[in-house]
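Student: Going by our numbering, the sequence shown runs without a break in its numbering and finishes at 549.
Glycine residues also receive a C-beta, built at the ideal position from the N, C-alpha and C atoms.
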Amino acid sequence: MVTADDVRRHALSLPRTTEGLVRDSVKFRIKSIVYAAISPDETIMGFGYPKDERDDLIASDPSKFLPPLKSDERYQWVRVRLAAIDEAEMRELITDAWRMCVPRKVAAAYDEFGAEFPPG
């Protein structure tokens, strides 16, 4: 089972990420763009995901994936139950959401250098 601390550790390892607290939810962002969030009870993680693929993801496993809250439907957003995913899947979901927010050159450098990013 993935915990909020696992999410935090991975999200903060990604370049340009900052953490903030908004209405009791932890948000991870690049500048003003939120790409991942943890619910106040730390059981649900929201993450950036292409709108045109959202319904297919939710339909693939409705016990795991949840639609965004009504107020977030206009955004590229999906939610997942943290208890339903393992650490590898969490890392993939967060990293893909992060890629949607950073410049391509930052994502490319991260791909090339990984944990050693930024180079030098």
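1) With DSSP as the reference, label Glu448 as helix, strand or coil.
2) For the stretch 471-488 against the stretch 515-527, are there 3 or more C-beta pairs whose distance is under 8 Å?
3) When you compare each of Lys456, Ser461, Lys460 to Ile467 by their alpha carbons, which one comes out closest?
4) If I follow the unbroken beta strand (DSSP E) through Met474, where does it start and stop?
5) Let me know the alpha helix (DSSP H) ranges lying completely inside the stretch 466-535, each 4 residues or longer, listed in chain order.
6) At a cut of 8 Å, does the stretch 439-449 reach the stretch 492-508 through at least three beta carbon pairs?
7) Pick from Arg520, Ala538, Ala536, Glu541: whose alpha carbon is nearest that of Ala465?
8) Using the Cα positions of Val509 and Met529, report the straight-line distance between them to the nearest angstrom.
9) Just to confirm, are Val431 and Glu541 a CB contact at a threshold of 8 Å?
Tutor: In brief:
1) strand
2) Contact between the stretch 471-488 and the stretch 515-527 is present, because at least three Cβ pairs lie under 8 Å.
3) For Ile467, the nearest C-alpha among the options comes from Lys456.
4) 473-477
5) 480-489, 516-528
6) no
7) Arg520
8) Rounded to the nearest angstrom, the two C-alpha atoms are 18 Å apart.
9) no
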